[in-house]
Amino acid sequence: MTDVAAPIGIKRRGTELALIGFGLVLTMVAFTSASAAYSSKLPSGLLSDGLGFIALAGVAHLAVRRFAPYADPVLLPAAVVLNGLGLVLIHRLDLAATSRAKATGVSAGTSAAPLQLVWTIIGIGLFVGVLVVIRDHRRLESLTYTAMAVGLGLLVLPALLPASHSTVNGARIWIRFGGFSFQPGEIAKLALEVFFAGYLVRKRDVLALAGRRILGVTLPRGRDLGPVIVAWGASLLILTRESDLGSSLLFFGIFVAMLYIATERRSWLLIGVVLFIAGSLFAFHTIGHVHDRVEIWLHPLDPRTITDQSYQLAQGLFGQATGGIFGTGLGQGRPDLVPFANTDFIASTIAEELGLAGLMAVLVIYLLIVMRGLRAAIGTRDEFGKLLGAGLAFGLALQVFVQVGGVTRLIPLTGLTLPFLSYGGSSLVSNWVLLALLIRISDSARRPAPDRPDVPDEAATMAIRL
Amino acid sequence: MNKPLRHVAIAALLMFAALLINSNVVQVGQASSLRANPHNVRVLYGEYSRDRGPIVVGGKDVARSVATHDVLKYLRTYPGGAAYAPVTGYYSLVIGASGIEQSEDPILSGSDDRLFLHRISDEITGRTPTGGSVVLTLNPAAQRAAYQGLKGVRGAVVAMNPTTGALLALATSPSYDPSVLSSHNSRSINRHYHQLLHAAGDPLIDRALSETYPPGSLFKIVTSSAAFSTGRFNPSSTIPTPTTLRLPDTTVDLHNFGGESCGNGSTDTISDAFRISCNTAFAGLGLKIGIHALARQAKAFGIGTSESIPLPVAASQFAVDANRPNTALSSIGQYDDALTPLQAVQIGAAIANGGVEMKPYLVAQVRGANAAVLSQTKPQVLRRAVTAPVAQQVASMMELVVRAGTGTAAQIPGITVAGKTGTAQHGLASQHLAPDAWFVSFAPAENPQVAVAVLVEDGGSLGSDATGGAVAAPIARAVMCAVLGCT
Numbered sequence: 001m002t003d004v005a006a007p008i009g010i011k012r013r014g015t016e017l018a019l020i021g022f023g024l025v026l027t028m029v030a031f032t033s034a035s036a037a038y039s040s041k042l043p044s045g046l047l048s049d050g051l052g053f054i055a056l057a058g059v060a061h062l063a064v065r066r067f068a069p070y071a072d073p074v075l076l077p078a079a080v081v082l083n084g085l086g087l088v089l090i091h092r093l094d095l096a097a098t099s100r101a102k103a104t105g106v107s108a109g110t111s112a113a114p115l116q117l118v119w120t121i122i123g124i125g126l127f128v129g130v131l132v133v134i135r136d137h138r139r140l141e142s143l144t145y146t147a148m149a150v151g152l153g154l155l156v157l158p159a160l161l162p163a164s165h166s167t168v169n170g171a172r173i174w175i176r177f178g179g180f181s182f183q184p185g186e187i188a189k190l191a192l193e194v195f196f197a198g199y200l201v202r203k204r205d206v207l208a209l210a211g212r213r214i215l216g217v218t219l220p221r222g223r224d225l226g227p228v229i230v231a232w233g234a235s236l237l238i239l240t241r242e243s244d245l246g247s248s249l250l251f252f253g254i255f256v257a258m259l260y261i262a263t264e265r266r267s268w269l270l271i272g273v274v275l276f277i278a279g280s281l282f283a284f285h286t287i288g289h290v291h292d293r294v295e296i297w298l299h300p301l302d303p304r305t306i307t308d309q310s311y312q313l314a315q316g317l318f319g320q321a322t323g324g325i326f327g328t329g330l331g332q333g334r335p336d337l338v339p340f341a342n343t344d345f346i347a348s349t350i351a352e353e354l355g356l357a358g359l360m361a362v363l364v365i366y367l368l369i370v371m372r373g374l375r376a377a378i379g380t381r382d383e384f385g386k387l388l389g390a391g392l393a394f395g396l397a398l399q400v401f402v403q404v405g406g407v408t409r410l411i412p413l414t415g416l417t418l419p420f421l422s423y424g425g426s427s428l429v430s431n432w433v434l435l436a437l438l439i440r441i442s443d444s445a446r447r448p449a450p451d452r453p454d455v456p457d458e459a460a461t462m463a464i465r466l
Numbered sequence: 001m002n003k004p005l006r007h008v009a010i011a012a013l014l015m016f017a018a019l020l021i022n023s024n025v026v027q028v029g030q031a032s033s034l035r036a037n038p039h040n041v042r043v044l045y046g047e048y049s050r051d052r053g054p055i056v057v058g059g060k061d062v063a064r065s066v067a068t069h070d071v072l073k074y075l076r077t078y079p080g081g082a083a084y085a086p087v088t089g090y091y092s093l094v095i096g097a098s099g100i101e102q103s104e105d106p107i108l109s110g111s112d113d114r115l116f117l118h119r120i121s122d123e124i125t126g127r128t129p130t131g132g133s134v135v136l137t138l139n140p141a142a143q144r145a146a147y148q149g150l151k152g153v154r155g156a157v158v159a160m161n162p163t164t165g166a167l168l169a170l171a172t173s174p175s176y177d178p179s180v181l182s183s184h185n186s187r188s189i190n191r192h193y194h195q196l197l198h199a200a201g202d203p204l205i206d207r208a209l210s211e212t213y214p215p216g217s218l219f220k221i222v223t224s225s226a227a228f229s230t231g232r233f234n235p236s237s238t239i240p241t242p243t244t245l246r247l248p249d250t251t252v253d254l255h256n257f258g259g260e261s262c263g264n265g266s267t268d269t270i271s272d273a274f275r276i277s278c279n280t281a282f283a284g285l286g287l288k289i290g291i292h293a294l295a296r297q298a299k300a301f302g303i304g305t306s307e308s309i310p311l312p313v314a315a316s317q318f319a320v321d322a323n324r325p326n327t328a329l330s331s332i333g334q335y336d337d338a339l340t341p342l343q344a345v346q347i348g349a350a351i352a353n354g355g356v357e358m359k360p361y362l363v364a365q366v367r368g369a370n371a372a373v374l375s376q377t378k379p380q381v382l383r384r385a386v387t388a389p390v391a392q393q394v395a396s397m398m399e400l401v402v403r404a405g406t407g408t409a410a411q412i413p414g415i416t417v418a419g420k421t422g423t424a425q426h427g428l429a430s431q432h433l434a435p436d437a438w439f440v441s442f443a444p445a446e447n448p449q450v451a452v453a454v455l456v457e458d459g460g461s462l463g464s465d466a467t468g469g470a471v472a473a474p475i476a477r478a479v480m481c482a483v484l485g486c487t
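These protein sequence lines are chains A and B, in that order. Just so we're aligned: the first sequence equals residues 1 to 466 in the numbering used here. Just so we're aligned: the second sequence equals residues 1 to 487 in the numbering used here.
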């Protein structure tokens with residue numbers, strides 16, 4: 001144990017406040033800049049919407065200060081700046097739609113930014129609520145099977161509902177009643193992460209120890225394969241029944257990662273990879289739209305599909321290329337040419353107007369959340385907390401990877417949202433809940449523990465030992 | 001559990017590293033090829049957001065861009081309106097560009113290499129590139145006279161300076177207002193475009209350049225030129241002028257206009273037959289010199305070749321392999337003969353210019369955004385159509401047509417005008433369509449400054465009673481007067 005400054009017992013709430021202030025300044029500058037491209041006057045909402053968002057960030061900070069005083073000071077500011085930037089970009093695309101509507105005479109539809117602001121209020125409200133109600137994350141362990149029921153229920157529900165209540169733009173991942181629509185996948189993800197953590201804590205010994213060595217690898221017993229096979233089957237079911245490639249990939253990836261962390265057994269990774277490859281091959285050959293997605297990924301600029309199936313990806317790539325290194329500047333590009341620019345393709349909006357520099361900055365902010373989350377998992381003392389924290393943080397990393405990777409053509413395009421940035425209530429709200437849980441675990445990791453004098457030091461809790 | 005947690009952290013780090021590297025590949029490595037992709041409309045939108053240069057006629061803009069407050073920062077407007085539409089064309093977000101807007105796009109949009117230095121300074125100062133201007137050869141008064149002369153009829157007028165080839169008027173009727181196709185409202189553009197596509201008289205068609213019409217008696221200029229070029233004939237040669245001519249190898253009789261007889265009904269000089277536009281005389285003359293001499297002469301006038309002025313021009317045609325009865329019909333501008341109004345004026349101008357045909361052109365100058373002249377079009381000889389003496393002989397016959405023949409309506413007091421009428425049957429005989437009326441002329445005859453061709457489809461307002469002399473000659477007169485400054 002080296003003698004470095006340990007974060008244990010140090011609150012650093014001032015640092016958090018300063019970082020939030022910096023994030024808010026960035027948001028307001030971006031807001032003004034985007035609006036200035038469309039009008040010479042200061043944006044009318046600068047005062048009301050801007051102050052509203054500042055107040056929300058302040059409330060979130062006060063809640064952390066009061067209910068999780070030892071939490072990592074980077075997590076909340078990172079989420080605030082992402083949420084703020086998302087609001088600015090959604091507003092900026094609203095302006096483009098209004099301007100286009102004026103030019104073409106077609107109605108622009110409802111503005112998305114005011115709705116997203118409402119969802120931000122609800123999201124931060126739930127964030128505060130989670131911090132207030134769940135004073136100790138270990139209490140969630142008792143909800144393991146409730147979480148399973150809720151998670152699976154939400155996940156399967158769209159597949160069971162009639163299409164009129166579950167399908168939007170071809171993806172059967174919604175629950176719709178009347179004017180209200182909502183994507184249960186994001187909340188199911190949280191519930192399942194709680195379930196995986198609780199379940200694996202109980203079963204880790206048998207999953208970790210039993211087995212026999214074959215070719216130098218200790219393979220688990222056949223009957224212990226049950227859980228991973230169930231998770232795999234459920235993922236394939238989501239894929240075939242709901243056409244949701246992204247969620248399918250995400251759930252299976254999170255489960256395998258958590259299984260590996262719980263058991264410390266590499267054979268689970270091996271089994272996971274084998275099952276993933278088998279599932280991918282099966283999907284590619286038997287599911288039409290998976291095959292299409294792969295074709296689009298390989299040939300997005302094919303003249304035969306560029307005006308139709310691969311139009312969105314191609315337009316997104318054109319936007320990213322137009323952005324170049326420094327971007328066109330907010331309000332100066334044409335991200336509105338990309339369908340679903342404020343949800344699926346918000347990363348390409350960033351790349352076009354804020355450039356490679358802006359996109360890389362956003363990715364680094366996500367990386368900060370992920371690394372700080374994993375660090376909290378390492379630092380926390382209970383197994384459930386470790387597993388839950390790791391699941392939440394790795395899940396976020398995997399989601400960003402699959403989402404941005406799809407938009408930038410690193411991997412085939414799937415249908416996930418970009419956390420905190422994409423327009424959409426269920427995504428924004430569940431990510432604020434996710435952040436509250438990470439902050440809760442981080443608080444417990446850094447809280448001085450009078451009953452445990454052998455506290456780990458800074459180096460021991462680094463996610464990656466430098 | 002901390003060891004696998006660190007492995008997961010490394011995996012997350014690798015995933016982000018892959019994202020960061022991949023973004024560099026897309027936004028830097030592949031950027032230029034993605035930007036150049038023809039499906040990348042951002043390039044188009046960028047072009048539509050530029051300060052596009054004006055198209056200028058007689059010191060005034062007939063097309064120019066004005067700043068707006070919407071996403072496309074400039075709106076293209078057409079102060080020249082419908083009168084200049086066949087020349088300027090439109091500049092449309094939805095249906096592309098046409099006319100000078102299309103052919104001179106590199107200059108107008110500012111991407112032409114001749115604007116290179118200017119572009120560099122734009123890059124350095126961060127200004128949006130501004131386009132250069134295109135100055136046309138058109139004469140505003142002549143263009144106005146041409147367009148007004150065509151009011152209410154379907155037809156076209158082309159006027160040019162016979163000694164340089166500079167086009168002085170280029171009008172078509174009916175026309176359209178290009179600004180409705182160049183707005184920023186794609187729905188409105190589509191609606192107007194659809195209307196224009198289905199409008200009576202096809203206003204989107206440029207009759208002066210892209211349509212060909214049977215020339216009728218106009219073609220007697222070509223037949224006379226061919227005959228004199230053989231050396232066996234001159235304007236005083238006498239040729240048979242029967243009231244009817246039995247077409248060889250057929251039982252069909254060719255009549256003169258209105259069934260009249262020419263001169264004394266048996267023989268006449270070529271000059272006098274030309275003056276009164278005697279069909280039987282010229283059909284007989286054509287048969288005498290033969291299809292090969294006629295085809296050679298037609299080719300020497302440029303019939304069969306197509307020009308770019310720089311607007312695309314349809315090729316006029318002459319049937320080179322006609323049999324004997326059709327040779328007779330070809331000699332008087334029927335059968336398969338078909339000329340664009342531009343080709344008609346080129347023929348008249350070649351006669352006016354001593355047999356030398358100049359290359360017609362519309363763009364006088366190209367200027368940079370700072371008004372510096374970047375290039376000036378120099379007149380070019382296109383081909384020699386006839387020898388100077390033959391040109392002189394045909395010109396003197398054309399003077400007679402206006403002084404005392406079928407083209408008296410083109411007379412201008414104090415100025416010698418030379419001209420030739422044409423009244424062409426078209427369609428099947430059973431359709432009884434009103435004839436197309438032509439007039440080609442130049443003035444002053446001794447020092448030609450303007451040549452004009454006028455075409456009025458289906459006889460214009462006079463219908464089946466129309467002749468080139470009655471319908472087309474007055475329009476030609478007005479255009480010549482506009483250029484020469486008479487009233």
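Even for Gly, the Cβ is constructed at its ideal location relative to N, Cα and C.
Going by DSSP, what residue range makes up the alpha helix (DSSP H) through residue i?
| i | result |
| --- | --- |
| A:M258 | L245 to T263 |
| B:K288 | N279 to A300 |
| A:G11 | It should be noted that the sequence gives Lys, not Gly, for residue 11 of chain A. From DSSP, A:K11 is part of no alpha helix (DSSP H); its letter is neither H nor E. |
| B:Y193 | S186 to H198 |
Out of curiosity, what's the CA-to-CA distance linking residue i and residue j?
| i | j | result |
| --- | --- | --- |
| B:L204 | B:I55 | 20 Å |
| A:A445 | A:G23 | 25 Å |
| A:A357 | A:I411 | 21 Å |
| B:I303 | B:P360 | 14 Å |
| A:D205 | A:G253 | 21 Å |
| A:F182 | A:F326 | 36 Å |
| A:Q309 | A:I439 | 41 Å |
| B:A369 | A:K189 | 60 Å |
| A:V4 | A:W119 | With a pLDDT of only 32 at A:V4, under the threshold of 50, the placement of this residue in the model should not be trusted; the figure read from the coordinates follows. Cα to Cα, the separation comes out at about 42 Å. |
| B:V313 | B:Q30 | 41 Å |
Excluding sequence positions up to five away, which residues of its chain have a Cβ less than 7 Å from the Cβ of residue i?
| i | result |
| --- | --- |
| B:L247 | L254, P325 and A328 |
| B:R477 | A409, A410 and I412 |
| B:K3 | none |
Taking residue i as the reference, give the member of the options with the closest Cα.
| i | options | result |
| --- | --- | --- |
| B:L34 | A:I287, A:T286 and A:I306 | A:I306 |
| A:A347 | B:P178, B:P310, B:A199 and B:V26 | B:V26 |
| A:T417 | A:S310, A:G151 and A:L428 | A:L428 |
| B:G99 | B:V417, B:L311, B:P174 and B:Q148 | B:L311 |
| B:D268 | B:G259, B:S316 and B:N279 | B:N279 |
| A:L237 | A:A101, A:G14, A:T380 and A:L155 | A:L155 |
| A:D336 | A:R241, A:I90 and A:I121 | A:I90 |
For residue i, which residues from the same chain have a beta carbon less than 6 Å from its beta carbon, with the 5 sequence-adjacent residues on both sides left out?
| i | result |
| --- | --- |
| B:V135 | V56, A364 and Q365 |
| A:G323 | A351, E352 and G355 |
| A:A377 | K386, G389 and A390 |
| A:R176 | H165 |
Which two residues bound the contiguous beta strand (DSSP E) that contains residue i?
| i | result |
| --- | --- |
| B:P240 | T238 to P240 |
| B:H571 | A question about residue 571 of chain B goes unanswered here, because the residues of chain B that appear run from 1 up to 487. |
Grab me the residues of residue i's own chain with a C-beta within less than 8 Å of its C-beta, minus the 5 sequence neighbours each way, in chain order.
| i | result |
| --- | --- |
| A:G68 | A small fix is needed here, since residue 68 of chain A is Ala in this sequence, not Gly. These residues qualify, in order along the chain: L131, I439, R440, S442 and D443. |
Quick one: any contact between the stretch 79-97 of chain B and the stretch 166-178 of chain B, if contact means 3 or more CB pairs under 8 Å?
Yes, since at least three Cβ pairs between the stretch 79-97 of chain B and the stretch 166-178 of chain B fall closer than 8 Å, the two stretches touch.
Whether or not the stretch 183-190 of chain B and the stretch 98-114 of chain B are in contact is what I'm after, with contact meaning three or more pairs of Cβ atoms, one per stretch, closer than 8 Å; do they touch?
Flag = no, the stretch 98-114 of chain B and the stretch 183-190 of chain B do not touch.
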